[in-house]
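What follows is one structure encoded as structure tokens, with my remarks underneath.
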Amino acid sequence: QKEVEQDPGPLSVPEGAIVSLNCTYSNSAFQYFMWYRQYSRKGPELLMYTYSSGNKEDGRFTAQVDKSSKYISLFIRDSQPSDSATYLCAMSWDTGFQKLVFGTGTRLLVSP
Amino acid sequence: AAGVIQSPRHLIKEKRETATLKCYPIPRHDTVYWYQQGPGQDPQFLISFYEKMQSDKGSIPDRFSAQQFSDYHSELNMSSLELGDSALYFCASSLLVRKDTQYFGPGTRLTVL
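So the protein lines, in turn, are chains A and B. Quick note on numbering: this note's numbering labels position 87 of the first sequence as 87, and the sequence is numbered without any gaps. Every number in this note's numbering is 1000 more than the matching position in the second sequence, counting from 1.
Written as structure tokens, this is what we have:
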């Protein structure tokens, strides 16, 4: 079983919809939580990062971390066709060198 | 802003050949990571370097080796290539004190025939 689980999708929504992307994890030692966006055949692009529990907002994006439930979310408001991509959650520890453990990614399709 | 640079962007090799991938981190970043992403899979950590010393090792085959040079660029050397080595190879860089931000390069697509 993978340490980080993520529904691969695809998740199809109309333009303007609110999108909810989620990951669950099993390792309670994870302290850093990131969301990356990856377009086809491109490198992952860092979208949001949070430390420990709580919420963080940046423009149309909101990241939430619930450590008690081992559950993280990324919300995208007013989704645009340009948001169509694969969204990867990633996590790492507070100690040592922070190699990232990724989820499998959720493919999002936003239709005009 | 400067980003992580990787070269070459595409590489085609035959089985049992050798390949060298290069990574140039964001200026002043002290840590470099290498990841392998197979088709339809998530990136898997291979190896990392902090201040030119190997800092962590993941699922990197013994056929692969890597190093970081005095100018902080890193090279991933892959020998006796196998068909299963075909993948996207990403380099990421960060500042160790910023544990929550790794910035990825565009990747090198390696195809082994």
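For every residue, glycine included, the Cβ atom is placed at its ideal position computed from N, Cα and C.
7 Å CB neighbourhood of residue i in its chain, flanking five on each side removed
i, result
"H1029(B)", "S1093, S1094 and L1095"
"Y51(A)", "Q31 and Y32"
"G16(A)", "D78 and S79"
"P1106(B)", "Q1006 and R1009"
Cβ-Cβ distance between residue i and residue j below 9 Å
i, j, result
"F1069(B)", "K1052(B)", "yes"
"E3(A)", "S40(A)", "no"
"F1045(B)", "K99(A)", "yes"
"R1109(B)", "A1087(B)", "yes"
"Y1024(B)", "V1004(B)", "yes"
"Q1(A)", "G103(A)", "no"
DSSP three-state assignment for residue i, whether helix, strand or coil
i, result
"L1083(B)", "helix"
"P8(A)", "coil"
"D58(A)", "strand"
"D1071(B)", "coil"
"D1062(B)", "coil"
"S82(A)", "helix"
"K67(A)", "coil"
"H1010(B)", "strand"
"T1020(B)", "strand"
"A1092(B)", "strand"
"L100(A)", "coil"
"A90(A)", "strand"
"D1042(B)", "coil"
Closest Cα partner of residue i within the set the options
i, options, result
"I76(A)", "G43(A), T62(A) and S68(A)", "T62(A)"
"D1085(B)", "Q1006(B), R1009(B), K1015(B) and H1010(B)", "K1015(B)"
"S20(A)", "V101(A), S82(A) and R60(A)", "R60(A)"
"Q1102(B)", "L11(A), P14(A) and P44(A)", "P44(A)"
"R107(A)", "V65(A), L74(A), G54(A) and Y87(A)", "Y87(A)"
"P1043(B)", "Y49(A), Y36(A) and G9(A)", "Y36(A)"
"K1022(B)", "K1013(B), S1080(B) and Y1072(B)", "Y1072(B)"
Cut-off 8 Å between Cβ atoms - residues of its own chain near residue i, not counting five sequence neighbours on either side
i, result
"S1055(B)", "T1031, S1048 and F1049"
Residues near residue i by beta carbon distance below 6 Å, same chain, minus five either side
i, result
"L1083(B)", "V1112"
"S1080(B)", "R1016 and R1063"
Inside the stretch 13 to 62 of chain A only - beta strand (DSSP E) runs reaching at least 3 residues
Whole beta strand (DSSP E) segments, 3+ residues: 19 to 25, 30 to 38, 45 to 51 and 54 to 58.
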